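S.K.: In our numbering, the protein residues as written are 796 to 987.
In structure tokens, the structure reads:
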């Protein structure tokens, strides 16, 4: 028993390690800001301590935890009616299906124009079309916003498209015949 009492107590170094980790994160954020010119905002919560770091004061990042906590009631107020609406009136599948769909879409590679169009269709066009179809059923919304004809999505050429301006310009220069300057070495005869 006496040997146990003589052993020094081990210091709790979790806070010291957390402080070192936060300083390391802050240093890395500053390196990112200097290298890439982007502003970084980081929040770290470790046990009861709350750390924040902003690499630039020009932007309106939350300055206190209270500002972040104010968002939770707003989010709940907006999502509660959607999540607890009757099942026969819901536009989308369950939230678990949507989150799984989101992760599946995010894992796809966009290497060509067809993949980008597929991504736009599933992530933008289909949800917006579904929402618009539901809104058109409400007479007040239909008359207020003139939703008789719905929406038209236009696919504009982008950098992955063969019709994009950058690619067309690059291809047009590639097919031009080489420009050669033929210089004659014979002396020119002027005015006889």
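Glycine included, every Cβ here is placed at the ideal spot set by N, Cα and C. If you're wondering where the values come from, they're calculated on a predicted model, not measured in any experiment.
Rounded to whole angstroms, how far is the Cβ of residue 900 from the Cβ of residue 918, which I believe are closer than 8 Å?
M.R.: Contact holds; Cβ gap of about 6 Å.
S.K.: Classify residue 906 as buried or exposed, calling it buried when 16 or more other Cβ atoms lie within 10 Å of its own Cβ.
M.R.: Looking at its Cβ environment, which holds fewer than 16 other Cβ atoms inside 10 Å, residue 906 is exposed.
S.K.: Specify the secondary structure class of residue 990 as computed by DSSP and reduced to three states.
M.R.: Shown here, the chain extends from 796 to 987; a query on residue 990 therefore has no answer.
S.K.: I'd like the span of the alpha helix (DSSP H) that includes residue 920, first residue to last.
M.R.: Taken as a continuous stretch (DSSP letters only), residue 920 belongs to no alpha helix (DSSP H), as it is neither H nor E.
S.K.: Candidates 898, 933, 964, 923: which alpha carbon is nearest residue 947's?
M.R.: Nearest option by C-alpha distance: 923.
S.K.: Measuring only between beta-carbons, confirm whether residue 924 sits less than 8 Å from chain D.
M.R.: Annotation note: the requested chain D is absent from the structure, which comprises a single protein chain.
S.K.: Would you mind stating whether residue 902 and residue 910 have Cβ atoms separated by less than 8 Å?
M.R.: In this structure, residue 910 does not lie closer than 8 Å to residue 902 by Cβ.
S.K.: According to DSSP, is residue 891 helix, strand or coil?
M.R.: If DSSP states are grouped into helix, strand and coil, residue 891 belongs with the helices.
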